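Student:
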Amino acid sequence: MSALQPPAAAGPVPFLSRLHEWVATVDHKKLGTMYIVCGIIYLIVAGLEATMMRWQLAWSGMEVLTPAEFNRLFTMHGTTMVFFVGMPILLGSANYLVPLMIGARDLAFPRLNAFSFWLFFFGSLLLYFSYFGGQGLYGMGSAPDVGWFAYAPLTERTFSRGHSTDYWILGIFVAGIGSTATAVNFIATILGMRCRGMSLMKMPLLAWIMLVDCVLILVALPPLAAAQILLLFDRQLGAHFFDTQAGGSALLWQNLFWFFGHPEVYILILPGFAFVTEIIPVFSRKVIFGYPLMVAATVAIGFISVGVWVHHMFVVGLSPMLNAIFMGSTMLVGVPTGIKMFNWVATMIGGRIRFDTPMLYATGFLCQFLLGGLTGIFLATVPFDWQVSDSYFVVGHFHYVLFGGLVFAIFAAVYYWFPKVSGRMMNETLGKWQFWLLVIGFNITFGAMHVSGFLGMPRRVYTYHADRGWDFWNLLTSLGVIVQILGFSLFALNLVHSLFRGRKAGDDPWDAWTLEWSTTSPPPPHNFDEDPIVHSRRPLWDLKHPDDPDWKYE
Amino acid sequence: MFDPVGVPAETILDITWLLIGICGAIGVVMFCLIGFAIVRCRRPEGDDREPPQVYGSNPIELAWTVVPLMIVFVLFMVSARGIFELERTSPSEGATELTVTGHRWWWEFDYGDLGIVTAGELHVPIDEGGVADLYLTLKSADVAHSFWVPQLGPKMDVIPDRVNHLWLQANRPGTFVGQCAEYCGNQHANMLITVVVEPREDFEAWVRNQQQDAAADTTVAAGKRLFLRTACINCHTVRGTVANGTFAPDLTHLMSRSTIGSGAIANTPENLREWVWDPQNIKPGCDMPSMKLSRSEVDLVCAYLETLR
Amino acid sequence: MTTAPAALAPPEALPQDGIVNGKIGIACMIISEIAFFGTLIAAYLFYIGRDINGPYPQDVLDVSIAPLKVLFNSIFLLISSVWIWLAIRSMRRGRMGAFVFWWALTVLCGAEFLVGTGFEWYGMIVDDGVWMGTNLFGSCFYTLVGFHAFHVTMGLLVLTLVLVLALLGHVTPRNVEKVDLVSWYWHFVDGIWIIVFFVVYIFGNMPVS
Chain A
2 MSALQPPAAA GPVPFLSRLH EWVATVDHKK LGTMYIVCGI IYLIVAGLEA
52 TMMRWQLAWS GMEVLTPAEF NRLFTMHGTT MVFFVGMPIL LGSANYLVPL
102 MIGARDLAFP RLNAFSFWLF FFGSLLLYFS YFGGQGLYGM GSAPDVGWFA
152 YAPLTERTFS RGHSTDYWIL GIFVAGIGST ATAVNFIATI LGMRCRGMSL
202 MKMPLLAWIM LVDCVLILVA LPPLAAAQIL LLFDRQLGAH FFDTQAGGSA
252 LLWQNLFWFF GHPEVYILIL PGFAFVTEII PVFSRKVIFG YPLMVAATVA
302 IGFISVGVWV HHMFVVGLSP MLNAIFMGST MLVGVPTGIK MFNWVATMIG
352 GRIRFDTPML YATGFLCQFL LGGLTGIFLA TVPFDWQVSD SYFVVGHFHY
402 VLFGGLVFAI FAAVYYWFPK VSGRMMNETL GKWQFWLLVI GFNITFGAMH
452 VSGFLGMPRR VYTYHADRGW DFWNLLTSLG VIVQILGFSL FALNLVHSLF
502 RGRKAGDDPW DAWTLEWSTT SPPPPHNFDE DPIVHSRRPL WDLKHPDDPD
552 WKYE
Chain B
741 MFDPVGVPAE TILDITWLLI GICGAIGVVM FCLIGFAIVR CRRPEGDDRE
791 PPQVYGSNPI ELAWTVVPLM IVFVLFMVSA RGIFELERTS PSEGATELTV
841 TGHRWWWEFD YGDLGIVTAG ELHVPIDEGG VADLYLTLKS ADVAHSFWVP
891 QLGPKMDVIP DRVNHLWLQA NRPGTFVGQC AEYCGNQHAN MLITVVVEPR
941 EDFEAWVRNQ QQDAAADTTV AAGKRLFLRT ACINCHTVRG TVANGTFAPD
991 LTHLMSRSTI GSGAIANTPE NLREWVWDPQ NIKPGCDMPS MKLSRSEVDL
1041 VCAYLETLR
Chain C
979 MTTAPAALAP PEALPQDGIV NGKIGIACMI ISEIAFFGTL IAAYLFYIGR
1029 DINGPYPQDV LDVSIAPLKV LFNSIFLLIS SVWIWLAIRS MRRGRMGAFV
1079 FWWALTVLCG AEFLVGTGFE WYGMIVDDGV WMGTNLFGSC FYTLVGFHAF
1129 HVTMGLLVLT LVLVLALLGH VTPRNVEKVD LVSWYWHFVD GIWIIVFFVV
1179 YIFGNMPVS
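Protein chains in written order, with the numbering used here: chain A, 2 to 555; chain B, 741 to 1049; chain C, 979 to 1187.
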């Protein structure tokens, strides 16, 4: 074995060597870290974009931004948050955690993994390059200004001159190929690389959820790629797919986009479920309640989510029957999601909960995701949706799901796994301050949005008149942003501080039960010195409680 | 709050209350459970014992699968009835029928048989103690828009390769404002709709006025000449003159409308001058360019436009 | 089971020789490709009969069995699935000569399909004047058939690579499972063509009533 050990480093490694090591790496932990770092950088970028928009909308008739600038900002904010914040953070954390949790050495195809990362990376650069190259020869627009769902025919050459929309297409297309390849990689890894004894029903739930997530990526992203190719052919080769003057259809784009778009929001939120499903039991000191039902609920969400896309199109004038069918399927998603909520809460009840920062965020997730889920039931109800669809109510709703839900789950995950990744603990005091600032700021901002939407304020407007009665609610929304910025700043401070000054973590600071805590922090390049063998869903519980092991009860 | 003035909007508000009731109850139950866990299930300080491990319970899990299914079923039945009630494919008796065409970034209202074409502002008659029904046929001239006047009922998308219908209703006179709700480009925010619900005699007076050709006031002949000589007429129509463009709002009765630029700004003489001087200052990105007229020419043209009542 | 952990039988290990991963990987890739083609096919079906100007499919698509026409080419493509199956079977039995023969035949048949498609396109573009921008039929036809031809081209490149490696003696019966994965992809390309053919040349080509 000693021949495989790298020679002890003499003195500091030169910067270029370290850079080369990261750029050329195929290690799932390094790639995962790079995904997450990129995701956090884009989170800051997209957050600043949102801040600019909220400045403009803080009061009626503000002139901070021109309409064109505003329209670019919300397009870039949405596109970035979905494709270049949500996706990399979920793929990155899966990259880091899945092999460790299933006791594998790496992913099934490490080089493909690296390739996927660089596709994502350059895809994101391509999108942002539109700020420089989008003008084309027309001197028109820089960044895309068509909204993140880019409804045709607004994206046709007639209405979107210059190249900004082409950058939007290509950036997401390239990154999408990367995500699809990663999904292939994870499915192969989870199905083929589990350690001895880990049958499918003994996998950590995170691995299960990621498996379902990747199957969704596999069936949802290629249709988007195909739709984008049709659009690209329209723009560059003069095809007529979405050219309504030549028999093309605006509705086909909406169908194709949402056939991707709705599974996509489940693709984003499922990893959030995965994080809290791992975190809540550890801090409640109790095994997850109803593991088989959790698996079944995850699979059910996966199946139902590909059959609900029309609920984004209730206002396009479909037949009542079609509307009713998709209302039914949409409400049905509430059932498996509700099961998950109940199981999480049932895990907490009867436990002995430690409210360390990760658990604080997980609890915040439960409360805010619950609210987002309930307004989701509101929106699934067609007549209600007819009123508030495309209004700020919808904006408020999906931010409750994706910010109050997903981002809080991500923070829970960061605080929980940071010790494993860096070997150091994050600061608890700063973490708790950040939590409360974010909870307050978040609920002010997005709670108020529900009201302004209900009062008739459509989304994506760059300004509004004073006589509409929306000023107060918009001001509230914008003020909440300031509180959130404070929270995010504390997070940045905490991250940097803990990386260099944090308390040493040890291998297993949370007294947890899954395999990643059995190796060192940070884990060695080969992950485990010995191939792990498991007998139950909580291998470390079995080790710590030989008198009362899990395998007796499963 | 949102103040419905007709059956469609009231139906929606009723469903909203139902939703608030059901979802509120679910929310209260869940928050109580979470709150109970937070308050009562904390680990006592310095007590490191592990709690009893509960792996699951089939009856309990069955219960919280079946109960939500039943709630979903009830909600589905109630809301499905709402869908079939509100989505109409033919006008009710006595409804005002008109064709709405969405343009970037203004609304065109065509009253069909009445021979009226107007922009941004539509008028509907209401009888004493009656209701004003409105049956719209929605079309788009370019990209997707959405017609939404919250107080009168649901919204409906306006899509270029589709013809949609929408039933709205008001049960009292008044002015109701709405706007485009589907992002349609640069000036999406300034694509407002004003619905004026007025007593039948007022409406009939309005119709009679709108049906006439443009007023021919000789005192503003210079302004009219300038207007007709400038590129204005390529896009705008003024009935009774050679101006017959159809890309932009019909100006025949411009001064009967309360706003300029589809709600961008109130229709006052000063605003009109500013608008003609350079619309890009008021509605940046809109299709109307500054005609590069001098201030005195703008005054002449606006003096003419002000006679178009 | 209530015995102590030490008495637990050591669980079975998954066969981690990489080929299982490869099989899952290729299967997943094919699923994503099906989702991709499914979308293009859905778009094609959606646009059938929505053209507002000709030439219509009925005017330009020739479904006779004449050489280098589509039916003729399709037979070559579909039968190549049989050849590649025979090639893999020979390899499993260790007969590398037969493998090379059948594999080369597969490549030739695939190449014939591409050449035939080229002639068909040439005729349509030059003689009939149908291209992407002509009408919806042109947009849909070149996109769907073009993406299929692109996949055939990719497959041919990989097949040729394997052929060259085999001729150089770098492919041995030990590699059969890996080479088999290439044939999975080829079967997929052939299988999707049956659907594309049915949609484009039969269903989309029905006489207008």
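Even glycine gets a Cβ: it sits at the ideal position worked out from N, Cα and C. The structure displayed is predicted, hence computed values, not measured ones.
Kindly list, in the order they appear in chain B, the residues whose Cβ is closer than 9 Å to that of D391/A.
Tutor: Those within 9 Å of D391/A in chain B are S886, W888, K895, D897, A921, E922 and Y923.
Student: Should A240/A and D901/B be called a contact, given that it needs their Cβ atoms to be closer than 7 Å?
Tutor: Contact: no.
Student: Residues in its own chain within less than 6 Å of T756/B by CB, not counting five upstream and five downstream?
Tutor: Counting only Cβ-Cβ distances below 6 Å, and skipping sequence neighbours, we find nothing.
Student: Quick one: residues in its chain with C-beta nearer than 6 Å to the C-beta of T841/B, no 5 flanking neighbours on either side, listed in chain order?
Tutor: Here the set comprises E848, K879 and A881.
Student: Residues bridged to R782/B by DSSP?
Tutor: BP columns for R782/B point to I354/A.
Student: Look at the alpha carbon of S1161/C and the alpha carbon of Q1036/C, and state the distance between them as a whole number of angstroms.
Tutor: Between S1161/C and Q1036/C, the C-alpha separation is close to 35 Å.
Student: Leaving out five residues before and five after D51/A in sequence, what residues of the same chain have Cβ atoms less than 7 Å from its Cβ?
Tutor: Checking the displayed sequence, the identity of residue 51/A turns out to be Ala instead of Asp. If we look at A51/A and ignore the five residues flanking it on each side, its Cβ neighbours are H78.
Student: Check each residue of the segment 193-227 of chain A: if its Cβ is closer than 7 Å to any Cβ of chain C, include it; give the result in chain order.
Tutor: Hits within the stretch, in order: G193, M194, R195, R197, G198, L219, V220, P223, P224, A226 and A227.
Student: Grab the span of the alpha helix (DSSP H) containing T166/A for me, first residue to last.
Tutor: Unbroken alpha helix (DSSP H) run through T166/A: S165 to G193.
Student: Are at least three pairs of beta-carbons, each pair with one atom in the segment 773-791 of chain B and one in the segment 957-976 of chain B, less than 8 Å apart?
Tutor: The segment 773-791 of chain B is not in contact with the segment 957-976 of chain B.
Student: Are F121/A and P89/A close, meaning C-beta to C-beta below 7 Å?
Tutor: Contact flag set, yes.
Student: Out of curiosity, what's the CA-to-CA distance linking L155/A and V317/A?
Tutor: Near 16 Å, if we compare the C-alpha coordinates of V317/A and L155/A.
Student: E837/B by DSSP, collapsed to three states: which one?
Tutor: DSSP places E837/B in strand when its eight states are reduced to three.
Student: Quick one: measure Cβ to Cβ for S1058/C and G1088/C, integer angstroms, because I've assumed they're closer than 8 Å.
Tutor: Right, the Cβ-Cβ distance comes to about 6 Å (below 8 Å), so this counts as a contact.
Student: If you follow the alpha helix (DSSP H) that G1051/C is in, where does it begin and where does it stop?
Tutor: At residue 1051/C the sequence reads Asn, which differs from the Gly that was named. It spans V1048 to R1070 - the alpha helix (DSSP H) in which N1051/C sits, taken as one unbroken run.
Student: So what's T521/A in DSSP terms, helix, strand or just coil?
Tutor: T521/A falls in the coil class under three-state DSSP.
Student: So which residues of chain A does D853/B contact, with C-beta pairs closer than 7 Å?
Tutor: Per Cβ cutoff of 7 Å: no residues; D853/B is ~24 Å from chain A at best.
Student: At least one CB of chain C closer than 7 Å to the CB of F343/A: is that the case?
Tutor: F343/A does not count as touching chain C.
Student: Could you tell me which residues DSSP puts in a beta bridge with A1193/C?
Tutor: With chain C running from 979 to 1187 in the structure shown, residue 1193/C is simply not present.
Student: Sort P68/A, V497/A and I170/A by Cα distance to A226/A and report the nearest one.
Tutor: A226/A has its Cα closest to that of I170/A, out of P68/A, V497/A and I170/A.
Student: Please give me, in chain order, every unbroken run of the beta strand (DSSP E) with length at least 3 that falls completely inside the segment 935-992 of chain B.
Tutor: Runs found: none.
Student: What do you get for P939/B, buried or exposed, if any count of 16 or more other CB atoms within 10 angstroms of its CB means buried?
Tutor: Exposed, since its Cβ has fewer than 16 Cβ neighbours within 10 Å.
Student: DSSP state of Y1034/C, grouped into three classes?
Tutor: Y1034/C falls in the coil class under three-state DSSP.
Student: List the whole-angstrom C-beta distance separating M1069/C from V1154/C, where the pair is believed to meet the contact cut-off of C-beta under 8 Å.
Tutor: Contact holds; Cβ gap of about 5 Å.
Student: To the nearest angstrom, report how far apart C924/B and Y463/A are at their CA atoms.
Tutor: Rounded to whole angstroms, C924/B to Y463/A spans 12 Å at the Cα level.
Student: Any beta-carbon of chain B closer than 7 Å to the one on Y554/A?
Tutor: By this cut-off, Y554/A is an interface position.
Student: Assign D697/B to one of three DSSP states: helix, strand, or coil.
Tutor: Outside the displayed span of chain B (741 to 1049) sits residue 697/B, for which this structure offers no information.
Student: Taking buried to mean at least 16 other C-beta atoms within 10 Å of its own C-beta, is G855/B buried or exposed?
Tutor: So G855/B counts as exposed.
Student: Applying a beta-carbon distance threshold of less than 7 Å, which residues of chain B neighbour S635/A?
Tutor: The requested residue 635/A does not occur in the structure, where chain A is confined to residues 2 to 555.
Student: Ignoring anything shorter than 4 residues or poking outside the segment 379-413 of chain A, list the alpha helix (DSSP H) runs there in chain order.
Tutor: The qualifying runs are 383-389 and 393-400.
Student: Show which residues of chain B have a CB atom less than 7 Å away from the CB atom of N324/A.
Tutor: I823, listed in chain order.
Student: Can you give the beta carbon distance from A1021/C to F242/A, rounded, assuming they're within the 8 Å contact cut?
Tutor: Going by Cβ atoms, the distance from A1021/C to F242/A rounds to 7 Å, so yes, they are a contact pair.
Student: Is V1108/C close to chain A, meaning its C-beta is less than 7 Å from at least one C-beta of that chain?
Tutor: So, not an interface residue.
Student: Hey, is the segment 270-279 of chain A in contact with the segment 397-410 of chain A, meaning 3+ C-beta pairs nearer than 8 Å?
Tutor: Verdict: yes, contact present.
Student: Just checking: is the beta-carbon of V1177/C within a distance shorter than 7 Å of some beta-carbon in chain A?
Tutor: Judged by the 7 Å Cβ criterion, V1177/C is not in contact with chain A.
Student: I'd like to confirm the pairing. Which residues does DSSP put opposite T829/B in its beta bridges?
Tutor: Paired residues: none, contrary to the question.
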